[in-house]
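A short write-up of the structure that comes next.
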Amino acid sequence: MRRGVALLASAFLATTLSAGAIAKTLKVAYDADPVSLDLHEQLSGGTLQLSHMVADPLVRWTQELKFEGRLAERWERIDDRTIRFYLRKGVKFHSGNELTALDVKWTFNRLRTSPDFKAIFAPFESAKVVDRHTVDLVTNKPYPLLLNVATYIFPLDSKYYTGFDGNGKSKDALVKHGNSYASRHVSATGPFVVTQREQGVKVEFERFKDYWDKKTPGNVSEVILTPIKEDATRVSALLAGDVDFINPVPPTDYDRLEKSDKVDMISLEGTWIVTLQLNQKRVEAFKNPKVRLAIDYAVNNAGIAKKLMKGMGTPAAQLSPKGYMGHSDDIKLRYDLKKAKQLMKEAGYEKGLKVTMMAPNNRYVNDAKIAQAVANMLAKINIKVDLKTMPKAQYWPEFDKRAADIMMIGWHSDTEDSANFIEFLAMCPNAETGYGQYNSGNYCNPEVDKLVVKSSEETDLAKRQAMLQKAENILYNEAAFVPLHWQDPAWAARKNIQLAPVVNVMNFPYLGDLVVK
């Protein structure tokens, strides 16, 4: 049975609070396990899933994309650059050390040194300790997304990481893809403690006996996370009862799982955009907006969402999903093959082009099939595509090199805000600022950049919305990229798993609050 997460209601909490005393084991199968126990080493879905298991943020997102306090029990704006956070008292780390404002400051400063996180924290000036349980986060300029970024601050145990390991290396060293102390050990405040880890095989967690949140209905005492890369094997394990909960759910098995009397499937309308970028430095024709528009009109993204995504993708015509500040209702889906051919003729490319395309084959749902479908669609306007797909581990180095004329990229806004999409995917590439870091199409419009930069300092939400919507409309009118769809997240679990209340569009389930019947 497919259900929406709106099932969470006060009645649910009232009836499940007593379940917290019952010990339960949860067997989870993801398509991969976390690459490291260092929560600051990699900005990825896997790392954030792990973070919400072993740590707690200052604040976190609700299912309605509102903020709720976690380690910060309350907060207040002191001035246009400062928010003061009041920490919960008596919170313990897994080591037994007590959480203080010093740990928040230490964590904040470490995040700013992380290659993956430093761009998110670039608007910040400092974290200032007011007293033992009070800390100020201060931005360089007025900044509307301070609370958004606070969802990334999972305070770590600064005392635990003090000193040197057996090899004489600093325990707090942040090493990308390295075998550091922090990559193998973690002490935070979260509901679960890592008890065993074998990379690529299994990670085991047990409930933290001194966990601060005594009101949570969660009753899971042990979690066993097993990575199962193959989609069919992962689904079979769930149906056989070998695991209790899987993610992602392959579209080819949606119907099968929905009809099963053993499991429930839960889905949400997604916010993860999947696009194609047209490299204007590699292909002269892509500099012509009529050619880009022709490609946009030739790609039937609604058809892709229906047939290849099995209805589990929301067709997109812009970067910002519905509900985000920059989403514009004026922007409509495009698909008109006759118009696409006319635009190619007007641009002087009626006889067509030969281009290369690269896409991953295990990063996004049905990514390789989608790329092949697009290649077939472009053939109808005489664009011959030489397509190459590859595993994501091989794809990302090629993407970084801009190794093909058309490249696939998906993105979820790190701040749950429209500006983040544009900053990374559509602003003029700038190695110094980090803007346009994943803009492999090399699209560049200074007006868009100006709007987005200005929006980053605008605290009047109505004015900010107008700026971001204008930027989206410019991108649409110039066909800056080829929007495909927002990928709808889906999860499946055994019927005794009360999964609906703890999943979200960010795809980091709050397993500490999970109830198992």
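Going left to right, the sequence shown walks through residues 1284 to 1800 as this note's numbering numbers them. From the three backbone atoms N, C-alpha and C, an ideal C-beta is built for every residue, glycine too.
Rounded Cβ spacing between residue i and residue j (contact assumed at less than 8 Å)
| i | j | result |
| --- | --- | --- |
| F1528 | W1774 | 7 Å |
| V1406 | T1422 | According to the sequence shown, residue 1406 is Pro rather than Val. 5 Å between Cβ atoms; contact. |
| D1321 | A1523 | Actually they are not in contact, since the Cβ atoms of D1321 and A1523 sit about 34 Å apart, beyond 8 Å. |
| I1587 | I1653 | 6 Å |
| M1336 | F1488 | 6 Å |
| L1420 | I1366 | 6 Å |
| E1681 | Y1426 | With a Cβ gap of about 35 Å, E1681 and Y1426 do not count as contacting. |
| L1457 | T1396 | 6 Å |
| T1390 | P1438 | 5 Å |
Where the alpha helix (DSSP H) through residue i begins and ends
| i | result |
| --- | --- |
| D1527 | Segment: none, D1527 is in no alpha helix (DSSP H) and carries neither H nor E. |
| I1467 | The question names Ile, yet the displayed sequence has Arg at residue 1467. Unbroken alpha helix (DSSP H) run through R1467: Y1464 to R1467. |
| L1429 | L1429 to A1433 |
| M1627 | L1620 to E1629 |
| T1802 | This structure does not reach residue 1802, given that the chain is present from 1284 up to 1800, and the question cannot be answered. |
| F1707 | S1701 to L1708 |
| T1275 | Look at the range of the chain in this structure, 1284 to 1800, and you will see that residue 1275 is not part of it. |
| Y1537 | Y1537 to K1542 |
| L1656 | Looking at the sequence provided, one finds Ala at residue 1656 rather than Leu. Element bounds for A1656: D1650 to A1662. |
| R1575 | P1572 to A1581 |
| P1585 | Before going on, a small fix: residue 1585 reads as Ala here, not Pro. From DSSP, the alpha helix (DSSP H) with A1585 extends over N1584 to K1590. |
| S1738 | P1729 to S1738 |
Through-space distance from residue j to residue i, alpha-carbon basis
| i | j | result |
| --- | --- | --- |
| K1310 | L1382 | 30 Å |
| E1761 | A1338 | 43 Å |
| T1434 | P1340 | 6 Å |
| T1509 | V1526 | 9 Å |
| G1795 | E1505 | 10 Å |
| N1787 | Y1313 | 16 Å |
| L1602 | Y1580 | 17 Å |
| K1262 | S1441 | The shown model of the chain, from 1284 to 1800, leaves out residue 1262, and the question about it has no answer. |
| V1566 | V1638 | 8 Å |
| W1679 | N1462 | 22 Å |
| Y1726 | S1519 | 44 Å |
| I1666 | V1785 | 45 Å |
| D1514 | E1730 | 43 Å |
| S1319 | R1353 | 24 Å |
| P1798 | R1343 | Residue identity differs from the one stated: residue 1798 is Val in this sequence, not Pro. Each residue's alpha carbon lies about 19 Å from the other. |
| D1362 | T1308 | 46 Å |
| I1664 | V1469 | 54 Å |
| Q1677 | A1686 | 12 Å |
| L1430 | K1593 | 36 Å |
| A1384 | V1412 | 6 Å |
| A1304 | S1723 | Per-residue confidence for A1304 stands at a pLDDT of 49, beneath the threshold of 50, marking its modelled position as unreliable; the derived number appears in the next sentence. So the two alpha carbons sit approximately 52 Å from each other. |
| P1533 | Q1770 | 12 Å |
| L1661 | K1753 | 29 Å |
| L1331 | F1791 | 6 Å |
| K1497 | K1800 | 19 Å |
| P1398 | Q1479 | 28 Å |
| D1802 | E1633 | Not covered by the structure: residue 1802. The range shown for the chain is 1284 to 1800. |
| Y1444 | K1388 | 14 Å |
| K1624 | I1507 | 54 Å |
Paired residues, beta bridge with residue i - DSSP
| i | result |
| --- | --- |
| V1668 | V1638 |
| Q1332 | DSSP lists no partner for Q1332. |
| T1417 | Y1369 and D1414 |
| H1768 | V1557 and P1598 |
| P1643 | M1673 |
| G1352 | V1342 |
| L1309 | V1506 |
| R1480 | V1486 |
| F1447 | S1453 |
| F1475 | R1490 |
| Q1748 | Note: Q1748 sits in no beta bridge, so no partner. |
| T1422 | F1407 |
Residue range of the beta strand (DSSP E) that includes residue i
| i | result |
| --- | --- |
| K1411 | F1407 to D1414 |
| V1342 | V1342 to W1344 |
| D1362 | A1355 to D1362 |
| E1489 | K1485 to R1490 |
| S1504 | V1503 to P1510 |
| D1547 | V1546 to S1550 |
| D1689 | Position check: residue 1689 holds Ile in this sequence, whereas Asp was assumed. Here the beta strand (DSSP E) through I1689 covers I1689 to W1694. |
| R1565 | Segment: none, R1565 is in no beta strand (DSSP E) and carries neither H nor E. |
| A1776 | A1773 to R1777 |
Inset, instruction - Pair every Cβ in the segment 1727-1743 with every Cβ in the segment 1540-1553, then say whether three or more of these pairs are closer than 8 Å. - result: The segment 1727-1743 is not in contact with the segment 1540-1553.
Legend entry - Any 3 or more C-beta pairs closer than 8 Å across the segment 1682-1691 and the segment 1559-1570: The answer is yes - the segment 1559-1570 touches the segment 1682-1691, with three or more Cβ pairs under 8 Å.
Inset, instruction - Count the C-beta pairs between the segment 1632-1648 and the segment 1672-1680 that are closer than 8 Å, then say yes if the count reaches three, no if not. - result: Under the 8 Å Cβ criterion, the segment 1632-1648 counts as touching the segment 1672-1680, having at least three qualifying pairs.
Legend entry - Touching by the beta-carbon criterion (3+ pairs, under 8 Å), the segment 1763-1782 and the segment 1623-1631: Counting Cβ pairs under 8 Å, fewer than three are found: no touch.
Legend entry - Inter-stretch contact at 8 Å, needing at least 3 Cβ pairs: the segment 1571-1587 / the segment 1607-1622: In this structure the segment 1571-1587 lies against the segment 1607-1622, because at least three pairs of beta carbons, one per stretch, are closer than 8 Å.
Legend entry - Cβ contact check for the segment 1366-1386 and the segment 1469-1483: 3 or more pairs under 8 Å: In short, these stretches touch, since the Cβ pair count reaches three.
Legend entry - the segment 1596-1612 / the segment 1698-1706 touching (three or more Cβ pairs under 8 Å): A contact exists between the segment 1596-1612 and the segment 1698-1706.
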